[in-house]
Each structure stands twice: as structure tokens, then as C-alpha cells.
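Take the sequence shown: its letters are residues 722 to 1419, numbered as in this note's numbering. What follows is a set of notes on a single structure, which appears directly below.
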Amino acid sequence: MASKKQKAPAGKVAKSVNTPAETHQTASESSLALTTNQGLPISDNQNSITAGVRGPVLLEDFILREKITHFDHERIPERVVHARGSGAHGFFQPYESAADITMAGFLQDPRKKTEVFVRFSTVAGGAGSIDLPRDVRGFAVKFYTDEGNFDLVGNNIPVFFIQDAMKFPDVVHAVKMEPDRGFPQAASAHATFWDFISLTPESMHMIMWAMSDRAIPRSYRMMEGFGVHTFRFIHATGESKFVKFHWRPLLGTAAVVWDEAMKISGADPDFHRRDLWEAIDKGDFPEWELGVQVFDEATAATLDFDVLDPTKLIPEEVIPLRMLGKMILNRNPDNHFAETEQVAFCPSHIVPGIGFSDDPLLQGRLFSYLDTQLIRLGGPNFHQIPVNAPRCPMRNFQRDGLHQMSVPKGRVAYEPNSLAPSAPRECPMHGFRTPPVETTGERLRKRSETFADHYSQARQFFRSMTPPEQNHIASALAFELAKVEFKGIRRKMLGHLLHIEQSLHDTVADALGMAGEAEAITPAVEPRDLPPSPALSIIAKNPGILKGRKVGILVTDGFDAGLLPKLQAALIKEKATVAIIAPKIGGASGDDGALLEADFALSGGPSVLFDSVFILASAEGMKPLLGEAAAVNWVRDAFAHLKVIGHVPAAQPLLLEASVVPDAGVVPVSDKKSLAAYVKAARNGRLWEREPSLRSIG
Ligand code: HDE
């Protein structure tokens, strides 16, 4: 029974504790009227209709039902792989015409800008997983060309785990969380992944990459991208050549260290998504060059591996890159779901001038992506979703289907026809043509003998790394294999490592406490020594820039207010981003008495979030920090993660407390000259020579 107090006078609305007028802005003030999906203006978006103010909710409340039902249906199936991703809009512009190698329209004219949408992703984790697991990254680009959409759906690693699409569901099931227990999330360090890998020698080259620094990138903005497979470029004459695609970031390629990755995952699970968003948001647009390796069948025949095998790469030293143009990402999505979640990449989205090779992995992908979009996006009309729609005219006689958004007109929905002379017709002149490559052979299920060398390029990759990078591979393998509770799997992996490089095997076996326990594995083909390819190393290609990097400045009350603007100016001149960290988010007062607001409180701004750090403390302000774990760890981690640490002399006690050993990367700053020395050191990035004193293997 409603009490007397709860009864509203006839014709008036009962006043409840949460009426719109009391606590919320209503349409009568400045905004437009909120409506249902049918356009009906809504008077109260806070309360459902009840029988009596404390009574049950009425089924009649169609506004409530519409809102809740829509909410219940908000999720679509996440991608079975690459579920976690970040997108951005931009454009691609060629440097010059590439008409000598391809007729692709978007590569003909240096004045022509082609709109793109890019989605970067991790592979193994779910949509809500961390950004920094040890994992391959997706690098998918949709070019909205005048001849249709071209999707270059690549990764940040130029080779893959398997040679045949038949094995893809298995490798993915092995790396994903184990099906009975539902963990681990976004991690390859578990038994099922290494069980599969230990039984799959063709994965060994990819494993070298996946255990390298490439799998823990510093930023999406600092990743290379690769088309992986061999494709074809088709000339206007119809002649075709093989092509491999490469993306090169203008900020250089950079990675974090593993201990840092684990800590970043806690401090900021959205580390890469935030980094990309913030950079674009403040106009610091990331850029990549598109490069290609173009070669003919005769050159392919001279290579000591099969160019159709996606576990192999062509070293740049053998076939150099030709840079075709530049991609700039200059606009964040307006809506994550509508764009980044609904974007549908398909390697089969191709344009005239580009074609496929017979790489069996690529051939499988040509089927898989369209199939996956049908279930994920709910039907055959996903090309009408704005992010997927071609920017050039699209016309054909395909009709109907779920979610048909357009209204095709006329009585003719077939071809050939005589009733609609102005309806679209096939176009032999400009239409897409598959290059006429001769194909013969028996129908059979058999892996080509030319795919059988599983270790030579793995060895080549390992030998192309600098010593710190080699140590990281060894320590990644030791870390991952130590999480595998079955000794037999570890023994098999040690057996594979013996074929890759004896020293790598020895280091990992020693770190596992399993020296002499490798299982003997007979390779299908004896591995060969190939010349190292220095272009594969990240450290060897360090650009030595602060541009795009983030520097954290830790301030305390009484900091040197004269030095701060000079430090900031020097860093901004380098095009770095500066963040202020203070014990409290309210900020700190300088020695001039003025309050400086902080971007981070110390507890929420650990040094793992920055590329280099600076301690701008006063002697007095320093004292409370000496007993503060967040402050000591801030410095200790920066040192352990090989960062360049600038500091004023007053910060010395904190350095001591954090066991910092002075070296070339610990730079005391007191004047203009020493400030320049700090900036110069920070430009170089990490101090790799510090690492051996901190960790036995990377
Ligand atoms: Fe994918 N892959 N893949 N993949 N892949 C998907 O498509 C698949 C492979 C790659 O940001 C799925 O839309 C098969 C290689 C990226 O939306 C699915 C095989 C490379 C993305 C699929 C491969 C990739 C995907 C899941 C072996 C690097 C994310 C959802 C034959 C060249 C694209 C989706 C985005 C996504 C299938 C192997 C890159 C299931 C069957 C090799 C970057 O269709």
C-alpha cells in the first residue's frame, strides 16, 4: 500500500528523490530533447514507471524496455584473434609514381592523398586485455582508394608461426587461455602454447621474433609493419612481379624491457591505446613510410628458400626496400565501437594492380576474414557500415540481407539485362584482373619440400641481433618455459634451440636449471649458416631521438623554479612530451612560491610510463620521499629499466636510497651545459651497457 505521503495529487507527477529538475540538466535549459529510438521525446530518463512510487515496475514502460533491450544487445562477438585493438584515421600519399611496378591507382600520383583507417592490435588477449603482453601486434591498414578498398592486413613481425592455414585454429587455440580453466589471459607463457610450438618446427623462426623485443613495443607509433606474405604487383601491361610490403615508423622502432612491460600492464593497461590517442589528440601525428621489395620469378628462384613460405623473409641486404610513400595518422576515431570495433579487414579486399601469391597461408586467409565478418557483424551488408564503406561508388546487383541500409531502386537486380541500359556493367578495361599465372599439378595434401628448412632463418635472426637483444630472447624463452609445468615440453624446446644456436640453448638450459636435458630432434633439413641481416635489429637502428618520447619530471616542494622552464623548453625543442609528477596531484610549490600543478600523483605516475626521467627536488622536499616506497621505486625502476636519469644535486639522497650506481645515464644537472648533457644522453634512449650489471640474462 502506498502511504499517504507517497500519493500524488490527481493530474500531478509524484515528486521523488531523484526528479530530473532537481539533479540534472534538462532540455529546457540548453541541450536538445532526448528521444527514444523512434524519436519520441523523453520526459524523465531517471525513473521507470512503477505501480505506486515504491511498487513494482510496469511492463508497460516501453521506454525502459527499449533502453534495456538495446543495452542487452550492445556487444557483438569479439574478434577470435586480435580482439584488443586501437584505431586511427589518416591518409597515404605516394612520393612519386610507381607506375613502373604497379597500376594500382593510389600509387600513381604524388599529389593524390588516399584516406586510410588503421587498426593496431594484440593477438591473443580478449578485447579488455592489457596492451603490453608479450605478443605479436596486428598492423592492419584500410586504404579507401578510388578503385575500391585495399586492406593490407599485416603484423609487426614479418614472418608467421605456421605455413598452412589448416594449422591456424590449432596455433590460436594453443595460445589462447586454456579451455578448461579459462586462463591465462593474453599470455603465451603457458603449457598449451609451448606444447604446440615444441611439436611445430616451422614455428621456430617466428618464435625468435615473438621472444624478441618486437613483442613488447614501446608504442604503436614505434612499430614496423609487414604484409608478411608475398603478394603481386601488376603492371598496366598485365605483367606481374612479386612484392613484399613493409611499414617503417618515422619515430624509429622501439621496445620496452620485460620487467617494465609487466609493471606497465598494472600501472596502465591501456598504455598503447592511450599513447596513440594522446599523440594524435595533441597534433603529434605518427607517420610511416610504405616500402616494398619487388622481385621477379627468376630472382625468387635464386633465393635459398621459397617465397611462398610465410615463415621466411627476404633480408633487406638481399633485396633493398623501395619507399613508395608516407602514411600519416591524423584523426582519432569519433566512436570506438562504430569504427575500431566494426572495421572489417579482409586480405581479399584488393585493387587493380595488386594480386595474391600462392602462399597457402594467404590463400586460407582469403576465405577466413569474410567468413569471420559475417558472424561478427551479423550479415552480408557489413560493407555499408561507414568505416567499411568504400569512398568510391559501389554498385552491383547484390540485394537484401540482414541490415540492408540502402534502398536500391528499379526492377532489375540481375545482369546481363536489357531493361536497364544505364545499370552497371562489367568493365574489361579497368576492372580487377587476376594475373594469368600458369598453374599445374596433381590435387594433393602435401607440404612442399621447399618449405622444409625450419632453422636457418631462425639462426640468422638470432645472429642479426645485438648482444642485449640476444640476451632478451634468451631471458624471454627462460621466463616462458619456466611457466610450463611439463618437463618434456621444455626438453623438446631445448632440442629446437640447439638447432638454432648452441649458445642460446646453453643460456636458456642454464637459466632453467636443465643443462644437458635437451631432447634430440632430427631436423627435416640441416640448418645452414646465413649471413646476418643487421637491418633486423632494433637497437642497431636506434634513431637517437627524443621526438615522440615522454619524459617524467618528479618535483617536490621547493624545487628550482628557474631550472624547470629551461628543462621543459629543452625537451619540447626535441619534440618530446613532458609530464610533471608530484607527491600529490595538487602539485608542488617552487622556490619562488608559485604552485605547479601535477599531471600525475607519484603513486599513479610510476617511472615505467616514461622514456626518461628527471628528479627536480629540493633538499627539504626530498626528505619525506626517502621513506616513501613509490618514490624509491620510481627511481629504482627507472635505473633498472636502463633509462637516462637527470637530477639536481639535491636529489642525491633519493638516488642512494634507490641503489642507483652512477654511470653515463645518470646525469647531474646544475647549469646550461649539464642540462644539454642530460638531453643528449636521453636522446640515445636506453643505456644497454647498464643491463649486465642488473640482470644475468636481459
Ligand atoms: Fe589473421 N585473422 N589470420 N593474420 N589477422 C583475423 O579476422 C586468420 C594472419 C591479422 O584489426 C580475424 O576480423 C587466418 C597472418 C590482423 O581487425 C580472422 C590466418 C597475419 C588481424 C583471422 C591468419 C594476420 C587479423 C579475426 C591463417 C599477418 C586483425 C577477426 C591462415 C599477415 C585485423 C578478423 C583487425 C584478424 C584469420 C593469419 C593478421 C579470424 C585463418 C599471417 C592484423 O579472420
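All C-beta atoms in this analysis are idealised placements derived from N, C-alpha and C, irrespective of residue type, glycine included.
Taking 7 angstroms as the cut-off, one finds no heavy atom of the ligand HDE near enough to the beta carbon of H956. In the same chain as H1226, and ignoring 5 residues on each side of it, the C-beta atoms closer than 7 angstroms to its own belong to L1215, L1218, L1219 and A1239, in chain order. Under the 10 Å beta carbon count, I797 is surrounded by fewer than 16 other beta carbons and is classified as exposed.
Segment contact: the region 1227-1237 against the region 928-936, fewer than three CB-CB distances shorter than 8 angstroms; contact not assigned.
The region 891-909 and the region 823-841 do not touch, with fewer than three beta-carbon pairs separated by less than 8 angstroms.
In this structure S924 does not touch I878 by the C-beta definition: roughly 12 angstroms separates them, more than the 8 angstroms allowed.
Secondary structure of V1229 (DSSP, three-state): helix. Counting only residues of its own chain and dropping the five nearest sequence neighbours on each side, E868 has a CB closer than 7 angstroms to the CB of G826, V1072, P1073 and C1113. It is roughly 13 angstroms from the alpha-carbon of I763 to the alpha-carbon of R786.
Around the beta carbon of Q746, fewer than 16 other beta carbons lie within 10 angstroms, which makes this residue exposed. Taking a cut-off of 8 angstroms for Cβ pairs, the region 1057-1077 and the region 1200-1207 do not touch, as fewer than three such pairs fall below it.
Residues of the same chain with their beta carbon placed closer than 6 angstroms to that of G849 are lacking, with the five preceding and five following residues left out of the count.
Following the DSSP letters along the chain, one finds L1050 inside the beta strand (DSSP E) bounded by residues R1043 to R1052.
Assigned with DSSP and collapsed to three states, K1271 falls in strand.
Using a Cβ distance threshold of 8 angstroms, K1213 and S919 count as a contacting pair.
Contact between T951 and L1029 holds: their C-beta atoms lie close to 6 angstroms from each other, under 8 angstroms.
Distances from the alpha-carbon of W979 to those of A1398, F1153 and S1196 put S1196 closest. Using a Cβ distance threshold of 8 angstroms, A804 and V839 do not count as a contacting pair. When the five nearest sequence neighbours on each side are left out, the beta carbons in the same chain lying within less than 8 angstroms of the beta carbon of G1131 are those of A1141 and A1144, in order along the chain. Cα atoms of T1243 and H1175: separation of roughly 11 angstroms, rounded to the nearest angstrom. Around the C-beta of F1088, fewer than 16 other C-beta atoms lie within 10 Å, and the residue is accordingly described as exposed. Per DSSP, R1404 is one residue of the alpha helix (DSSP H) stretching across K1393 to R1404. Taking a cut-off of 8 angstroms for Cβ pairs, the region 1341-1353 and the region 1283-1295 do not touch, as fewer than three such pairs fall below it. DSSP places V1329 within a helical segment (H, G or I) once states are collapsed to three.
For Y865, DSSP records a beta bridge to N870. With fewer than 16 other Cβ atoms inside 10 Å of its own Cβ, S1169 counts as exposed. In the displayed model, I1001 falls within a helix according to three-state DSSP. Spatial neighbours of P1374 in its own chain (CB-CB distance under 7 angstroms, excluding positions within 5 residues in sequence) are listed in chain order as M1343 and L1347.
When distances are taken from the beta-carbon of Y1090 to the heavy atoms of the ligand HDE, the shortest one is below 7 angstroms. Annotation: E960 to T1023 spans about 20 angstroms, alpha carbon to alpha carbon.
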